[in-house]
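In my numbering, the protein residues as written are 3 to 468. Even for Gly, the Cβ is constructed at its ideal location relative to N, Cα and C. The structure presented is a predicted model; accordingly, all values stated were derived computationally and were not measured.
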C-alpha cells in the first residue's frame, strides 16, 4: 500500500476543522468560538483575519492538549504502520484536490511558476426582470439593480481573497508588488467591486512596508478593464459574426432539437405566465437568475413560481451555459482568447525563466466567463451551476527532475474545497506540450479571421447582459 503521510495528516485535520484546526478560545471569556467558514483554508501561517478587516475568531490563541495528542497519535501510528513513502512512490502519484503548491513541491518535485485565477463576482441584486414581475418597479435599496450585495461583498472578500492569501501567500509574497500581479475585470461595477474586495483580502498592508494608515488595513491596488462592448477576453463582446452563425448551426443538431421539442410546453407556459418570450434555455436561465436574486434578497416570490422554481428551471439553466460553447469552434471563439493569452504568458516565462514575469493573474468576470474558459480547456461539467464566486484556477509547474512544465486546472465553488479537473486524454498534472496538442481545436491562431462569417449577410444580435 502506498501511503502519503503529509496528505493523510492534512486530510485528517481537514476532517475535524473545528476540534483541531479552527477551534478558537476567546481570550476574554475562555469560551469556545467557531466560525462558519473555518476549516476551508489550508493556511501558511498568515492571519486569515488581518486587523481592521474582520474578527479573528477562528485564529487559535491556545493549543489544547487533546489536539496535540490526536495529531501526535496520527503521526507516529502512520509512520509505525506504513512507513514513509519512497520518492519513487511519491513521483507516481498525481496531483490531488488536497495538494497545496508546497505539497506538490515536496511530494512530486514540482515548483509552482505562475497562477491564473478567474472568478465570478459575488452575490448581486437582480439584473433583469420580466413584464409580470411584481417587483418590476422595485428599487433594491440601497444597492439598485445588478449590484453587489453586502453578503456578496463579504463572501468574495473572505472566501476568495483570504483563500488566495492562504494558498499563494508564500508564492506571491505578503507585500503587494506591482511587478508580480496582473489584475483585470470586466467593465461592470459588480466585478470591479468584487476584485477590490478580493485584493483587500489577498494583500492587507498591515505589517508590510506598504502600511500607510493604522486605522485602515487596506491599500489601493490598480486593476484594468476593457469597455464593456469592446471586451476581448472575459466576455468577448466585440463583433464576431461567425459566432452568431455557430449558435444557429448548433440548434440544428439532433440532440439540441430533441431538447427544444421536449421543453416546448414549458417555454409556452412560462411565456404566458411571465409576459416574457421564453423560447430557449438562455431565456430560462435569465428568468431563473432573476427569481434566484429576488429570493436571496428576501423578497417573496409569486405563487406561480412554486411549480417551476427552482426544480423545473434548474436543468435548463445549467444546460444553457454549455449550449453557448457547445462545439469546439464555439469554445475557440468564446473561451479561446483567454486560453491563447494564458498560453502566451506560459510560453514567455518558459522561454526566459530568469526574466521578470507576473506570478499571479487575477480576473473578475461573470458566470459565462468561468464556463467559457473551462469549456475551452474541455473540463466544464454542464451539471454544475456557475454560482456567485465560482472560481477557476490554472497553475503552471516546473518539474525540477527534468525541467519540463505541466499544468493543473481546478475549480472552486464558495464554501467548498478546491477540485482538480482532468483534461480528457491527460492527467491532473498535464504536461504543457500534451495540453497544447489536446486543446489544438480550441486554441485560436487568428481569432479575427475565425470570426469572419461564412454568410456575408449574417446580422449579429445586439449585445445583452451581463
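Spatial distance of residue i from residue j (CA atoms)
i, j, result
"residue 139", "residue 372", "31 Å"
"residue 223", "residue 187", "13 Å"
"residue 219", "residue 135", "42 Å"
"residue 245", "residue 189", "22 Å"
"residue 118", "residue 395", "6 Å"
"residue 116", "residue 450", "28 Å"
"residue 268", "residue 171", "49 Å"
"residue 206", "residue 226", "20 Å"
"residue 351", "residue 359", "7 Å"
"residue 461", "residue 243", "7 Å"
"residue 277", "residue 271", "10 Å"
"residue 296", "residue 331", "35 Å"
"residue 2", "residue 463", "An answer regarding residue 2 cannot be provided, because it is not within the stretch 3 to 468 covered by the chain."
"residue 249", "residue 280", "17 Å"
Cβ-based neighbour list, residue i, same chain, cut-off 8 Å, excluding 5 preceding and 5 following
i, result
"residue 163", "199, 200, 201, 202, 203, 204"
"residue 182", "174, 175, 360, 361, 362"
Own chain residues within Cβ distance below 7 Å of residue i, not counting five before or after
i, result
"residue 422", "97, 98, 99, 410, 412, 430"
"residue 153", "125"
"residue 196", "123, 124, 150, 158, 366"
"residue 404", "none"
"residue 247", "455, 456, 457, 460"
"residue 437", "409, 425, 428"
"residue 288", "130"
"residue 301", "137"
Beta-carbon contacts of residue i that lie in its chain and below 6 Å, excluding the five residues immediately before and after
i, result
"residue 239", "231, 233, 465"
"residue 426", "380"
"residue 275", "306"
"residue 261", "none"
"residue 185", "225, 364"
"residue 166", "204"
"residue 285", "none"
"residue 382", "373, 376"
Supposed contact pair residue j and residue i - C-beta distance, whole angstroms, cut 8 Å
i, j, result
"residue 321", "residue 327", "About 12 Å; that fails the 8 Å criterion."
"residue 325", "residue 283", "6 Å"
"residue 120", "residue 375", "6 Å"
"residue 229", "residue 177", "Actually they do not touch by this definition, with Cβ atoms about 32 Å apart."
"residue 112", "residue 400", "7 Å"
"residue 237", "residue 341", "That pair is no contact at about 15 Å."
"residue 299", "residue 319", "Contact flag wrong, Cβ pair sits at about 18 Å."
"residue 393", "residue 414", "5 Å"
Buried/exposed call for residue i, threshold 16 Cβ in 10 Å
i, result
"residue 179", "exposed"
"residue 337", "buried"
"residue 391", "buried"
"residue 257", "exposed"
"residue 459", "exposed"
"residue 2", "Residue 2 is absent from the structure shown; the chain starts at 3 and stops at 468."
"residue 214", "exposed"
"residue 241", "exposed"
"residue 313", "exposed"
"residue 110", "buried"
"residue 133", "exposed"
"residue 378", "buried"
"residue 169", "buried"
"residue 160", "buried"
"residue 143", "exposed"
"residue 101", "buried"
"residue 468", "buried"
"residue 308", "exposed"
Every unbroken alpha helix (DSSP H) within the segment 406-453, with a cutoff of 4 residues, ordered by chain: Those alpha helix (DSSP H) runs which fall completely within the segment 406-453 and span 4+ residues are 434-440, 449-452.
Segments assigned beta strand (DSSP E), at least 3 residues, entirely inside the segment 140-218: If only uninterrupted beta strand (DSSP E) runs of at least 3 residues are considered, those enclosed by the segment 140-218 are 183-187.
Fully enclosed by the segment 302-386, which beta strand (DSSP E) runs are 3 residues long or longer? For the beta strand (DSSP E) assignment, the uninterrupted runs of no fewer than 3 residues enclosed by the segment 302-386 are, from N- to C-terminal side, 362-367.
Write down every uninterrupted run of the alpha helix (DSSP H) in the segment 239-280 whose length is 4 residues or greater and which is fully enclosed by it, in chain order. Complete alpha helix (DSSP H) runs here, min 4: 243-252, 256-264, 266-276.
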